[in-house]
Amino acid sequence: MTTLHVIAHSPFADNRLASCLRLLGIEDALLLCGDAVYALRPGSEPLRDLQAMNLEGRLFALKEDLQARAIDGGLAKAVDYPAFVELSLHHDKVNSWL
Amino acid sequence: MKFAIAVFSPPHAPSSRRALRFAEAALAGGHEISRLFFYQDGVHSASANVVAPQDELDVAARWRAFISEQGLDAVVCIAAALRRGVLDDEESRRYQRPAANLPAPWALSGLGQLHEAAQLADRLVCFGGD
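From first to last, the protein sequence lines stand for chains S and U.
When we follow the working numbering, the leftmost residue of the first sequence carries the number 1, and every step to the right adds one.
When we follow the working numbering, the leftmost residue of the second sequence carries the number 1, and every step to the right adds one.
The structure is reproduced here in structure tokens:
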């Protein structure tokens, strides 16, 4: 059973991202969208937390939200909406951190 | 595959637009949307009285057009809607309010519709946040 976790809140405003990273299963994936893409800001603590998690191939960010905030995806694979749909089907459940 | 999509944020929130884009992409990808459920502040998307600034995307109008064009089942949580002043004709008469602002294609119903949609669909995807 794998889960796609979706976070849409800034990691500088609350601890959703930290809570999510604690719960993330080894086959789970994480999609950052909206203000959550600020977690990828170079030199930031959230980025260090993500780097420490070994999320290669399991960390994604919505392309248009990266572009809107002038953030380089770097660690995360940038995805468009069709890819978001496919990601949601690739995992058994989608858990949005509302 | 069948999707159930729940929207928790108002039409002026970026996440409502993301939900719309996701729903469009799901249909374009050959999938089915078995139900859209608008909950909490998401019920404002169903209000006919939303006026978006001229230089912004009118997400409420886009939802309305999308639902009508695709013939989708769009359910608005009745308890969430009443407390936010989103009423159809029947509810405006029941509570003696001066106007109704929830026309077709939207339908007021209960939270059970979200539960049923989650059971019937292959995936439930919820949208909220910034």
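By construction, the Cβ of each residue, glycine as well, lies at the ideal position given by its N, Cα and C atoms.
Source: prediction; values computed, not measured.
Secondary structure of residue i, DSSP reduced to three states
| i | result |
| --- | --- |
| Glu56(U) | coil |
| Leu32(S) | strand |
| Arg41(S) | coil |
| Leu102(U) | coil |
| Phe12(S) | coil |
| Leu24(U) | Here the sequence assigns Glu to residue 24(U), which means Leu is not the residue at that position. DSSP places Glu24(U) in helix when its eight states are reduced to three. |
| Val51(U) | coil |
| Ser19(S) | helix |
| Leu72(U) | coil |
| Leu114(U) | helix |
| Val86(U) | coil |
| Ala76(S) | coil |
| Arg64(U) | helix |
| Arg123(U) | strand |
| Ala13(U) | coil |
| Gly42(U) | helix |
| Gln67(S) | helix |
| Asp49(S) | helix |
| Tyr95(U) | coil |
Counterpart residues of residue i in DSSP-defined beta bridges
| i | result |
| --- | --- |
| Asn95(S) | His5(S) |
| Ser109(U) | Cys77(U) |
| Glu32(U) | Lys2(U) |
| Phe37(U) | Ala6(U), Val75(U) |
| Leu59(S) | Leu30(S) |
Integer Cβ distance of residue i from residue j, believed to fall under 8 Å
| i | j | result |
| --- | --- | --- |
| Arg84(U) | Tyr81(S) | Their Cβ separation, rounded to whole angstroms, is 28 Å, which puts Arg84(U) and Tyr81(S) out of contact at 8 Å. |
| Val37(S) | Asp14(S) | Not really, about 15 Å apart at Cβ, beyond 8 Å. |
| Leu98(S) | Phe3(U) | Not confirmed; about 17 Å, so no contact. |
| Arg123(U) | Ser88(S) | 5 Å |
| Asp35(S) | Asp41(U) | Actually they do not touch by this definition, with Cβ atoms about 17 Å apart. |
| Ala117(U) | Phe37(U) | 6 Å |
| Val85(S) | His31(U) | 7 Å |
Proximity test, residue i beta-carbon vs the ligand NAP heavy atom, cut-off 7 Å
| i | result |
| --- | --- |
| Arg93(U) | For the structure depicted, the ligand NAP is absent and the ligand set is empty, with no information on it obtainable. |
Handout entry: Three or more C-beta pairs below 8 Å linking the stretch 63 to 78 of chain U and the stretch 97 to 113 of chain U
Key = Counting Cβ pairs under 8 Å, three or more are found: they touch.
Handout entry: Touching by the beta-carbon criterion (3+ pairs, under 8 Å), the stretch 47 to 58 of chain U and the stretch 89 to 105 of chain U
Key = Segment contact: the stretch 47 to 58 of chain U against the stretch 89 to 105 of chain U, three or more CB-CB distances shorter than 8 Å; contact assigned.
Exercise for the section: Assess, as a yes-or-no matter, whether the stretch 52 to 70 of chain S is touched by the stretch 27 to 40 of chain S under the definition of 3 or more beta carbon pairs within less than 8 Å. Expected result: With a cut-off of 8 Å, the stretch 52 to 70 of chain S and the stretch 27 to 40 of chain S count as touching, because enough Cβ pairs lie within range.
Practice task
Take every Cβ of the stretch 21 to 32 of chain U, pair it with every Cβ of the stretch 52 to 60 of chain U, and state whether three or more of those distances are shorter than 8 Å.
Solution key: Flag = no, the stretch 21 to 32 of chain U and the stretch 52 to 60 of chain U do not touch.
Practice task
Evaluate the contact criterion for the stretch 17 to 26 of chain S versus the stretch 60 to 75 of chain S: three or more CB pairs, one atom per stretch, below 8 Å.
Solution key: Under the 8 Å Cβ criterion, the stretch 17 to 26 of chain S does not count as touching the stretch 60 to 75 of chain S, having fewer than three qualifying pairs.
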